[in-house]
Amino acid sequence: MRVPTNALSFKRRLLKWYRRHARDLPWRRTRDPYRVLVSEFMLQQTQVSRVMKYYPRFLSRFPTVYALSRARPRQVREVWDGLGYYRRAANLHRLAQTVVRDHAGEIPVEPEQLRRLPGVGPYTAGAVATFAYERRVAAVDTNVARVLRRVFRPRLAAGARGERKLSAFAESLLPRRPTTAWEFNQALMDLGATICLARRPRCEVCPVRFACRTECVRREQ
Ligand code: SF4
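Residue numbers (this note's numbering): 194 to 414.
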């Protein structure tokens, strides 16, 4: 996919907005890959406000990947209890054991290596690579995919092939500097979570509305 004509304007507007309105989230104040990983596991299918309660509790009980790897399944379950989808906790526990056993306690940097860990799919691999290691890789979850589809209206095949193309497209948009790419990925998350909502997008207050192809269509109608 070629870079669309509205890409530059979109990126400028998005970054400007993010620098003023970024959500202050505890996992954004760290680059510790273990902490970023814990946040990403918790955020799967769970709202930020709920994760905010469980995240510090989990980390005070299991502050390192080593501490988590040594825990018994029952202890992990107790600390996770109330957050739901316990399978995530079981996968996180197995992941910690794998990292200690096979990677000398170091969480891998490369998305391809991350994907081989228990419970890590393409999005989580990208998220850890960019949010912990500041790698220039895309992290496309449902919210980000929605934003990109609305702003650029790309023609994509359905299914996994379309998702891979969208991810490659997201990567092509990333700013060159790794720290700015980190901000850009976080900004996409915030826009999808707070403005470009699934059912009722808040176009009237959207910082990228003048660069958005969906909003242009709406304005012309
Ligand atoms: S203008 Fe509307 S559709 Fe476009 S990104 Fe903003 S909220 Fe989403």
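Quick reminder that beta carbons are idealized off the backbone N, C-alpha and C, glycines included.
DSSP, reduced to helix, strand and coil, places threonine 239 outside both helices and strands of the structure shown, so it counts as coil. At least one heavy atom of the ligand SF4 falls within 8 Å of the beta-carbon of glutamate 408.
With a cutoff of 9 Å on beta-carbon distance, leucine 341 and leucine 207 are scored as not near each other. Selection Cys405, Ala338, Ala350 and Arg354 evaluated against asparagine 378 yields Ala338 as nearest (Cα-Cα). Annotated as proximal: methionine 245 and leucine 218, with beta-carbon spacing under 9 Å. Take the alpha-carbon of aspartate 295 and the one of alanine 318: they are about 17 Å apart.
The ligand SF4 never approaches proline 347 closely enough for any of its heavy atoms to be under 8 Å from the residue's Cβ.
Per DSSP, reduced to three states, the secondary structure at threonine 323 is helical. With a 10 Å radius around the Cβ and a threshold of 16 neighbouring Cβ atoms, alanine 351 comes out exposed. In the displayed model, histidine 296 falls within coil according to three-state DSSP, outside both helix and strand.
Burial check for glutamate 408: the Cβ neighbour count within 10 Å reaches 16 or more, so the residue is buried.
Closer than 8 Å to some heavy atom of the ligand SF4: that describes the Cβ of proline 394. Rounded to the nearest whole angstrom, the CA to CA distance from proline 301 to leucine 261 is 17 Å. Between the region 221–234 and the region 249–263, the count of C-beta pairs closer than 8 Å reaches three or more; the two stretches touch. With a cutoff of 8 Å, isoleucine 300 does not count as near the ligand SF4, since its C-beta is closer than that to no heavy atom of the ligand. Threonine 372 sits exposed, since fewer than 16 C-beta atoms from the chains shown fall within 10 Å of its C-beta.
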